[in-house]
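Asker: Residue numbers 2 to 454, in my numbering, belong to the letters of the sequence shown in order. The beta-carbon is built from N, C-alpha and C at its ideal position, and this holds for glycine as well. The structure under discussion is supplied below as structure tokens; questions concerning it will follow.
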Amino acid sequence: MSSKSIRNKRRRENKFDKELTYESSLPPYEPVHKYRIYFLHELTSLEDLNYLINSSQHTKCFAIDTESNYGSNDPALIQILYIQPPDVESPMLLVEVQFLPATSSPTFFKIQQLFQSIFCNDSHLFTWGDIRKELNPFTIYDIFSMPIYSYLHQVQVQFKPWFNQWIKKYYSLPADNIDNDLNDIVIIDAPTYDPTLLLPTQLMNNKKFYSGETWSLQDAIVYTFGQYLSKRETLRQWSIGLDETLYTCDRSFSSNYRKKLIKYACLDCLTVAHINFIMQQSKIPLDMNYVHKQQQTSGEYTLSNTLTVVSDIFQLSEDSSYSSEQNNTELVAVHAPNERHQSPLHSIQLDCHQHETEAPALVSTTVPRSHKRSSIAKKKRNTKTSHRHRANRYNYEIIRPENMKITSIKKLLRENHIKYTNIHVVHSVLYIGVKSDGHKHLYEQLLPSDMFV
């Protein structure tokens with residue numbers, strides 16, 4: 002088995018172990034938004050489509066995700082949630098693109114109209130990844146075209162700096178300001194030194210923030226709400242006809258299996274809307290470098306400096322069940338393993354700057370002179386370079402006592418996901434070189450002093 006195959010196998014095993022740990026330790030995720038599912042395909046009624054078009058014209062914010070078939074990667078499903086206040090029933094669209102009506106039919110024309118309304122110039126689309134890349138394969142079905150001129154919010158990349166600031170804010174609060182109601186928290190005995198499973202929240206934040214890792218949606222739900230979002234349905238065949246009323250749906254799949262896929266597809270949008278809701282309500286400014294809007298005139302993605310989000314969907318209504326006790330105080334509890342968190346409520350402005358055009362590079366017409374080094378000069382240069390590179394590997398180092406073989410040390414480091422640049426042993430002292438000061442700070446916490454003795 003190749004080293005790449007071994008790494009892939011280890012990665013799958015780690016994901017499986019993490020899934021089991023989350024499932025056994027946490028309650029399942031419960032959406033805060035009410036919603037109603039609308040399947041869009043060849044049997045969708047014109048009455049429903051007219052209602053959805055009219056509703057979209059009065060909605061400014063949408064959460065979007067897509068699904069493709071496992072193996073072939075063929076586009077299969079587009080999920081769109083109309084983001085309304087949590088106590089208002091929001092339409093959830095499940096667009097089964099491989100079961101669309103004929104392009105000449107009135108139903109197909111109405112579906113095109115619906116996408117034009119959702120992807121209009123002043124809409125805000127919230128996604129966990131880059132929705133442009135996700136939607137591009139779906140353009141073959143002609144229900145919309147690229148580029149999209151809406152405001153595109155990449156919630157995933159906004160979440161990391163927001164969560165880091167939110168954790169710092171929480172730990173700076175006086176003890177008297179922390180809610181003591183034990184019913185509002187989830188306490189978990191998290192493993193101390195296993196980065197693939199449950200870590201204390203502050204340590205998990207450091208791991209993500211300093212190592213350059215992105216937050217998965219599943220991890221974000223765990224460490225923000227203390228709930229478990231299943232990802233078992235990620236790699237599935239999605240073009241089976243989720244709506245059983247379709248005449249051409251694949252009858253070899255059970256109703257229960259379809260329900261699992263439908264729930265998974267809906268939760269991918271509902272969780273993004275929930276996380277965005279918490280971030281928008283906090284007093285922590287979001288990174289607007291990840292809010293993009295393509296200008297119709299220039300064809301370039303820019304950031305608007307006049308964009309302001311003051312929609313009612315980001316304000317808690319007085320009679321909302323979601324805001325019952327939490328709305329009486331400035332802080333709203335957010336759950337995480339081993340610790341108890343609260344995030345302040347506030348509406349924010351999205352203030353961005355426009356990218357400047359880079360100046361063209363100057364091209365030199367001078368012909369460089371050739372110069373050949375002697376073999377002795379090459380050897381000296383290579384030796385000097387090697388010494389410099391070797392020294393750079395230990396710019397940031399962790400020192401531990403050791404009494405093990407070097408192969409066993411490397412195995413332990415791999416199992417704990419420690420990304421080292423070099424390791425060296427001198428007189429029973431282990432020197433571990435790492436990439437940056439952030440990595441050093443993180444790994445110092447992950448590696449106990451007696452780990453290698």
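1) Only counting runs of 4 or more residues, tell me where the alpha helix (DSSP H) segments fall wholly within the stretch 83-163, in order along the chain.
2) Let me know if residue 77 comes out buried or exposed under the rule of 16 or more other beta-carbons within 10 Å of its beta-carbon.
3) Between 65, 419, 99, which has its C-alpha nearest residue 244's C-alpha?
4) Looking at residue 90 and residue 52, is the spacing between their C-beta atoms short of 8 Å?
5) Let me know the secondary structure DSSP gives residue 30 once reduced to three states.
6) The beta strand (DSSP E) with residue 294 in it runs from where to where?
7) What three-state label does DSSP hand residue 431 in the structure shown?
8) Judging by CA-CA distance, which residue of 239, 96, 41 is the nearest neighbour of residue 75?
9) Between which two residues does the alpha helix (DSSP H) containing residue 36 stretch?
10) Can you tell me whether residue 252 is helix, strand or coil according to DSSP?
11) Tell me the DSSP secondary structure of residue 46 in three-state form.
12) Classify residue 203 as helix, strand or coil using the three-state DSSP reduction.
13) Which same chain residues end up closer than 8 Å to residue 436 when comparing Cβ atoms and leaving out the 5 residues on each side of it in sequence?
14) Measuring alpha carbon to alpha carbon, tell me which residue in 59, 20, 272, 204 is nearest residue 443.
15) Reducing DSSP to helix, strand and coil, say where residue 443 ends up.
16) Can the beta-carbon of residue 139 be found less than 8 Å from the beta-carbon of residue 64?
17) Return the residue from the list 107, 160, 448 that minimises the CA-CA distance to residue 50.
18) With a threshold of 8 Å, are at least 3 pairs of Cβ atoms found where one atom belongs to the stretch 18-33 and the other to the stretch 267-277?
19) Taking the straight line between their C-alpha atoms, what separation do you get for residue 254 and residue 237?
20) What does residue 67 pair with, by DSSP beta-bridge criteria?
21) Kindly identify the DSSP beta-bridge partner or partners of residue 425.
22) Secondary structure at residue 400, three-state DSSP: helix, strand or coil?
23) Could you say which of 233, 292, 264, 448 lies nearest to residue 130 if we only look at CA atoms?
24) List the DSSP bridge partners of residue 229.
25) Output the distance between the C-alpha atoms of residue 137 and residue 150, rounded to the nearest integer angstrom.
26) Distance, Cα to Cα, residue 235 vs residue 267?
27) Could you work out which residue in 430, 164, 6, 80 is closest to residue 280 when comparing CA atoms only?
28) Hey, could you find the ends of the alpha helix (DSSP H) residue 410 is sitting in?
29) Measure the C-alpha to C-alpha separation of residue 283 and residue 167 and round it to an integer number of angstroms.
30) Under the criterion of a Cβ to heavy atom distance below 7 Å, does residue 10 qualify as lining the ligand HEM?
31) Within a Cβ cutoff of 8 Å, which residues of the same chain sit near residue 363, ignoring the five residues on either side of it in sequence?
32) Given a threshold of 16 other Cβ atoms within 10 Å of its Cβ, counted over all protein chains shown, does residue 96 qualify as buried or as exposed?
33) Who are the Cβ neighbours of residue 120 in its own chain at under 8 Å, not counting the five residues just before and after it?
34) Are the stretch 3-15 and the stretch 210-224 touching, with three or more C-beta to C-beta distances below 8 Å?
Answerer: The answer reads as follows:
1) 107-119, 132-136
2) Its Cβ being crowded by 16 or more others within 10 Å, residue 77 is buried.
3) 99
4) no
5) coil
6) 292-295
7) strand
8) 239
9) Not the alpha helix (DSSP H): residue 36 falls in the beta strand (DSSP E), residues 36-41.
10) coil
11) coil
12) When secondary structure is reduced to three states using DSSP, residue 203 falls in the helix class.
13) Correct list, in chain order: 397, 420, 422.
14) 204
15) If DSSP states are grouped into helix, strand and coil, residue 443 belongs with the helices.
16) no
17) 107
18) yes
19) Cα to Cα, the separation comes out at about 12 Å.
20) Secondary-structure assignment with DSSP links residue 67 through a beta bridge to 79.
21) DSSP links residue 425 through a beta bridge to 432.
22) In the three-state scheme derived from DSSP, where H, G and I count as helix and E and B as strand, residue 400 is classed as strand.
23) 292
24) 29
25) 14 Å
26) 13 Å
27) 164
28) 407-416
29) 9 Å
30) Although the ligand HEM was asked about, the structure shown includes no ligands whatsoever.
31) At residue 363, the pLDDT of 34 sits below 50, so the modelled position is not reliable and the matter cannot be decided from this model.
32) buried
33) 126, 145, 149, 150, 151
34) no
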